[in-house]
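Some notes on the structure that comes next.
2 protein chains.
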Amino acid sequence: MSGSAVRMQKNAAMLTPVQLEDLQRRFGERLSLSAAAREAHGRDESFYPPAPPDAVLMAESEADVCAAVAWCHEARVPLIPFGAGTSLEGHVLAVQGGLCLDLTRMNSILRIDAGDLTATVQPGVTREQLNTALRDQGLFFPIDPGANATLGGMAATRASGTNAVRYGTLRENVLMLRAVLPPGRVIQGGSRAKKSSAGYDLARLLVGSEGTLGVITELTLKLHPLPEQVAAASVQFASIDAAVNCCIAIIQSGVPIARCELLDAHTVRAVNAADGLGLVEAPLLLLEFHGSPGSLREQVDTVQLLAAEQGGHRFDWAESPESRSRLWRARHRAYWSAKQMKPGCRALTTDVCVPISRLAECVGESLAEAEAAGIDHFLVGHVGDGNFHLGYLVGSDAELATAERLSAQLVQRALRLEGTCTGEHGIGLHKQAYLLQEAGEDSVAAMRAIKAALDPRGVMNPGKVFSAPSLRPFGPSPPPEGARPPWGGPAAGPTP
Amino acid sequence: MSGSAVRMQKNAAMLTPVQLEDLQRRFGERLSLSAAAREAHGRDESFYPPAPPDAVLMAESEADVCAAVAWCHEARVPLIPFGAGTSLEGHVLAVQGGLCLDLTRMNSILRIDAGDLTATVQPGVTREQLNTALRDQGLFFPIDPGANATLGGMAATRASGTNAVRYGTLRENVLMLRAVLPPGRVIQGGSRAKKSSAGYDLARLLVGSEGTLGVITELTLKLHPLPEQVAAASVQFASIDAAVNCCIAIIQSGVPIARCELLDAHTVRAVNAADGLGLVEAPLLLLEFHGSPGSLREQVDTVQLLAAEQGGHRFDWAESPESRSRLWRARHRAYWSAKQMKPGCRALTTDVCVPISRLAECVGESLAEAEAAGIDHFLVGHVGDGNFHLGYLVGSDAELATAERLSAQLVQRALRLEGTCTGEHGIGLHKQAYLLQEAGEDSVAAMRAIKAALDPRGVMNPGKVFSAPSLRPFGPSPPPEGARPPWGGPAAGPTP
Numbered sequence: 041m042s043g044s045a046v047r048m049q050k051n052a053a054m055l056t057p058v059q060l061e062d063l064q065r066r067f068g069e070r071l072s073l074s075a076a077a078r079e080a081h082g083r084d085e086s087f088y089p090p091a092p093p094d095a096v097l098m099a100e101s102e103a104d105v106c107a108a109v110a111w112c113h114e115a116r117v118p119l120i121p122f123g124a125g126t127s128l129e130g131h132v133l134a135v136q137g138g139l140c141l142d143l144t145r146m147n148s149i150l151r152i153d154a155g156d157l158t159a160t161v162q163p164g165v166t167r168e169q170l171n172t173a174l175r176d177q178g179l180f181f182p183i184d185p186g187a188n189a190t191l192g193g194m195a196a197t198r199a200s201g202t203n204a205v206r207y208g209t210l211r212e213n214v215l216m217l218r219a220v221l222p223p224g225r226v227i228q229g230g231s232r233a234k235k236s237s238a239g240y241d242l243a244r245l246l247v248g249s250e251g252t253l254g255v256i257t258e259l260t261l262k263l264h265p266l267p268e269q270v271a272a273a274s275v276q277f278a279s280i281d282a283a284v285n286c287c288i289a290i291i292q293s294g295v296p297i298a299r300c301e302l303l304d305a306h307t308v309r310a311v312n313a314a315d316g317l318g319l320v321e322a323p324l325l326l327l328e329f330h331g332s333p334g335s336l337r338e339q340v341d342t343v344q345l346l347a348a349e350q351g352g353h354r355f356d357w358a359e360s361p362e363s364r365s366r367l368w369r370a371r372h373r374a375y376w377s378a379k380q381m382k383p384g385c386r387a388l389t390t391d392v393c394v395p396i397s398r399l400a401e402c403v404g405e406s407l408a409e410a411e412a413a414g415i416d417h418f419l420v421g422h423v424g425d426g427n428f429h430l431g432y433l434v435g436s437d438a439e440l441a442t443a444e445r446l447s448a449q450l451v452q453r454a455l456r457l458e459g460t461c462t463g464e465h466g467i468g469l470h471k472q473a474y475l476l477q478e479a480g481e482d483s484v485a486a487m488r489a490i491k492a493a494l495d496p497r498g499v500m501n502p503g504k505v506f507s508a509p510s511l512r513p514f515g516p517s518p519p520p521e522g523a524r525p526p527w528g529g530p531a532a533g534p535t536p
Numbered sequence: 041m042s043g044s045a046v047r048m049q050k051n052a053a054m055l056t057p058v059q060l061e062d063l064q065r066r067f068g069e070r071l072s073l074s075a076a077a078r079e080a081h082g083r084d085e086s087f088y089p090p091a092p093p094d095a096v097l098m099a100e101s102e103a104d105v106c107a108a109v110a111w112c113h114e115a116r117v118p119l120i121p122f123g124a125g126t127s128l129e130g131h132v133l134a135v136q137g138g139l140c141l142d143l144t145r146m147n148s149i150l151r152i153d154a155g156d157l158t159a160t161v162q163p164g165v166t167r168e169q170l171n172t173a174l175r176d177q178g179l180f181f182p183i184d185p186g187a188n189a190t191l192g193g194m195a196a197t198r199a200s201g202t203n204a205v206r207y208g209t210l211r212e213n214v215l216m217l218r219a220v221l222p223p224g225r226v227i228q229g230g231s232r233a234k235k236s237s238a239g240y241d242l243a244r245l246l247v248g249s250e251g252t253l254g255v256i257t258e259l260t261l262k263l264h265p266l267p268e269q270v271a272a273a274s275v276q277f278a279s280i281d282a283a284v285n286c287c288i289a290i291i292q293s294g295v296p297i298a299r300c301e302l303l304d305a306h307t308v309r310a311v312n313a314a315d316g317l318g319l320v321e322a323p324l325l326l327l328e329f330h331g332s333p334g335s336l337r338e339q340v341d342t343v344q345l346l347a348a349e350q351g352g353h354r355f356d357w358a359e360s361p362e363s364r365s366r367l368w369r370a371r372h373r374a375y376w377s378a379k380q381m382k383p384g385c386r387a388l389t390t391d392v393c394v395p396i397s398r399l400a401e402c403v404g405e406s407l408a409e410a411e412a413a414g415i416d417h418f419l420v421g422h423v424g425d426g427n428f429h430l431g432y433l434v435g436s437d438a439e440l441a442t443a444e445r446l447s448a449q450l451v452q453r454a455l456r457l458e459g460t461c462t463g464e465h466g467i468g469l470h471k472q473a474y475l476l477q478e479a480g481e482d483s484v485a486a487m488r489a490i491k492a493a494l495d496p497r498g499v500m501n502p503g504k505v506f507s508a509p510s511l512r513p514f515g516p517s518p519p520p521e522g523a524r525p526p527w528g529g530p531a532a533g534p535t536p
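Sequence order for the protein chains is Z and C. Under our numbering, the first residue of the first sequence is numbered 41, with each subsequent residue one higher. Under our numbering, the first residue of the second sequence is numbered 41, with each subsequent residue one higher.
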């Protein structure tokens, strides 16, 4: 699949000089056509070759976003929202050309309501920026995918990460959002109330839509009180199986663990080399506990018992905040550290998530397969959620072919075990066929019907989630010339 | 608004004798035309006069549901899904006539995965039925709206209730669902994996759609381990303000309280009379704590401190499971107990939810208004979520006019305080204008565009959530004769 981005790029419809002049008249210095800007906005952290947009607009307000969406709808030009560019699935590649809408200048924290445990932010605010602002409030925003992504981008991909096992994903932590949909209208999903049964859940529809429905312009997020106490430890096991079985036991015991991360021996070697951690080079669980002194003690006691049952005896405690952040920084950099183990290689990373009871089977078979294929690989995982990333290190076309075969087999295994092809990275360019297989033709057809209803000209981040042509042999005729989105709709009820 | 159901009923398009014969040929004894069956399926627990359907189909399988949806789509006849009939917003009233689809025979618990903390059920399973089946597994399903509703109905209205403050609503506790959409296709939302970023969140779109998009035929729900210890207590306060401020302090302290319910003095009098509880007739908080012995002690200590600061000294502990269930049964029957205080009255109940920091203001002003108007009323609330139900007891047209005025003012207040017009009951028939005001015209237009895309003939529970005619002065022309739903959709990307 890695070639598909290139192929799609060939189909790109370039913006005409007249269109570019028009955009410059409208947006002035906020629009850039420089090769450097286009190149910088044509790449992310995915496996794909760059696909630069024709122009880059640095949005500074929701009005800019409305104007850009309206212009692209009118001109039938692709619009690609862009945040920190940390996607692993090619979400921001301009595979059909068009206008890149960079939201990083919309980075104001609009409001922090400590009394309601909420923060309202613009989409370009990063999670680290938000947590820095929250520090003296005794609150934090837990979702932590590793990269210092923008919160808008995290919402668009339904991101999660190391803390999701306790605090949930972006899906559970977005209270309210604003978004601009074609032809430039602002919608609101949810409210500041903690719960609501008022109409369709537009907030949850936009979360995870990967920029294919609209552009998120404001997010109201749930905050959490900083835990009274935090304790982190690494514990080693003789085998991956033992480590995974320990994790399964922890989750099934109901211990509210805050982080439960798996590293295989290859990854431990890599982070040792990169960050000088001096961890024992064996399968490891990295654990973090949050709570009051009393509940923390209970959690640790239970987990130490469960670990011992799997032969995981030695708990290596990261006592100080500094040692904790060193540990997690190393974990977050594991992907890059692992790549450094094979100079010049690229990493093809997977993202399956399975029910916790099937995790040992999924991890075990997949690692055995990689060993048998003799390809360099590494494994890290948010195993408390049943989510893990097996990365294949690719230095040749032969290795690429092997990696893609193994990746495909891994997804088939996850689906057979009633899991998903993507726990947190999204569909993007690579997993569209897997989505079809996972959700089924009729489910994807329903998603495409929603896409067609809200973005009838298909200008919002085209080529992502669904690829043209239509997945079904039948469907509606394309919208007529000058069609407007079907705002409103037929009167409910049968025709008299 | 209470007359609107009647008015809409007058517009009902009756099924023709030929259509009824056709249905009987297809479904045999599962179809009933009896006045008794129609009458029983034309009412719920809302304020509205009955609106019976033309026929009632007792669905026994997903195949029955597919056939019914296909038939209604083809014949352009309204289809109204029906569960326990406990809606408070008229969701099941056949205000435009049509076919009622009773799902209570689809009441099998298909699967319990203790290892994954999930259960898969048919839509007609009730929450009590599920919890009975779970008892010997050490697990439970926490969402508890009071009524023994079907889980399908609870999902369709995004129900919550007393435990939501700790365990979330149906929205957070549905892992996966199957649903039948026009013209009779089965979609799947989510997977058994704990999290997923695979495509649009169809599960969350169906949850809360009130039967206007499709019929839910299967739910995979999150389960929770039975708490090691449970403690419940009632604590009285000198004023509603003190009780509400205590609740606010509890939530802001981050104590993971399992239930935090408010009863005003009127309600306490009512439940005393109905259930002989002998509670002190003052504003009360009913509290429940779940956890290990250690964490429970910490929670109780903190809450007793916070209550004392508001003058709430005496904690009346319900020690035994029996006394606890008596307490909660009384709480759940408060609505009916309150009605008994005024023989022959009807209760117009409200359902606003506001950010916790604005709760005291919203409750205080609303009660003062009711007192000033001199109308009998009662207040119960899931105040830990900022959600409360102020009920007005109506015995005359004059009182009805007063109640409707106060209800409208209460919603305006909640919206001004950045809350929602419905925390858990849904929009149904009554709150459509409030939805428009709360979400905005463009947001509701987007919802209607989704409705039109997935149910182009408007046969799914018409007249609920959105009322005809179109809310906008413009919109697409109604679907042409013989139109099919736009499964598939235009190719993404601009037209070359």
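From the three backbone atoms N, C-alpha and C, an ideal C-beta is built for every residue, glycine too.
Residue i, DSSP secondary structure in three states
i, result
"residue 163 of chain Z", "coil"
"residue 247 of chain C", "coil"
"residue 461 of chain C", "coil"
"residue 385 of chain Z", "coil"
"residue 420 of chain Z", "strand"
"residue 365 of chain C", "helix"
"residue 71 of chain Z", "strand"
"residue 153 of chain Z", "strand"
"residue 100 of chain C", "coil"
"residue 146 of chain C", "coil"
"residue 281 of chain Z", "helix"
"residue 468 of chain Z", "coil"
"residue 4 of chain Z", "No answer is possible for residue 4 of chain Z: it lies beyond the span of chain Z, which begins at 41 and ends at 536."
Residue i versus residue j - alpha carbon distance
i, j, result
"residue 206 of chain C", "residue 291 of chain C", "10 Å"
"residue 384 of chain Z", "residue 435 of chain Z", "7 Å"
"residue 141 of chain Z", "residue 64 of chain C", "57 Å"
"residue 414 of chain Z", "residue 439 of chain Z", "9 Å"
"residue 158 of chain Z", "residue 269 of chain Z", "22 Å"
"residue 443 of chain Z", "residue 419 of chain Z", "14 Å"
"residue 333 of chain C", "residue 293 of chain Z", "16 Å"
"residue 348 of chain C", "residue 370 of chain C", "25 Å"
Cβ-heavy atom distance, residue i to the ligand MN, below 7 Å
i, result
"residue 329 of chain Z", "For the ligand MN, the structure offers nothing, since it holds no ligand at all."
C-beta neighbour in chain Z for residue i, strict 8 Å
i, result
"residue 54 of chain C", "no"
"residue 194 of chain C", "no"
"residue 397 of chain C", "yes"
Span of the beta strand (DSSP E) around residue i
i, result
"residue 228 of chain Z", "225 to 230"
"residue 427 of chain C", "427 to 434"
Delimiting residues of the alpha helix (DSSP H) encompassing residue i
i, result
"residue 412 of chain Z", "399 to 413"
"residue 491 of chain Z", "481 to 494"
"residue 306 of chain Z", "305 to 315"
Cβ of residue i within 8 Å of any chain C Cβ
i, result
"residue 494 of chain Z", "yes"
"residue 60 of chain Z", "no"
"residue 335 of chain Z", "yes"
Do three or more CB pairs link the stretch 254 to 263 of chain Z to the stretch 204 to 223 of chain Z at distances below 8 Å? yes
Check whether the stretch 448 to 460 of chain Z and the stretch 401 to 418 of chain Z touch, using three or more Cβ-Cβ pairs below 8 Å as the test. yes
Are the stretch 90 to 101 of chain Z and the stretch 121 to 137 of chain Z touching by the rule of at least three beta carbon pairs closer than 8 Å? yes
Does the count of Cβ pairs from the stretch 310 to 324 of chain C and the stretch 262 to 282 of chain C closer than 8 Å reach three? yes
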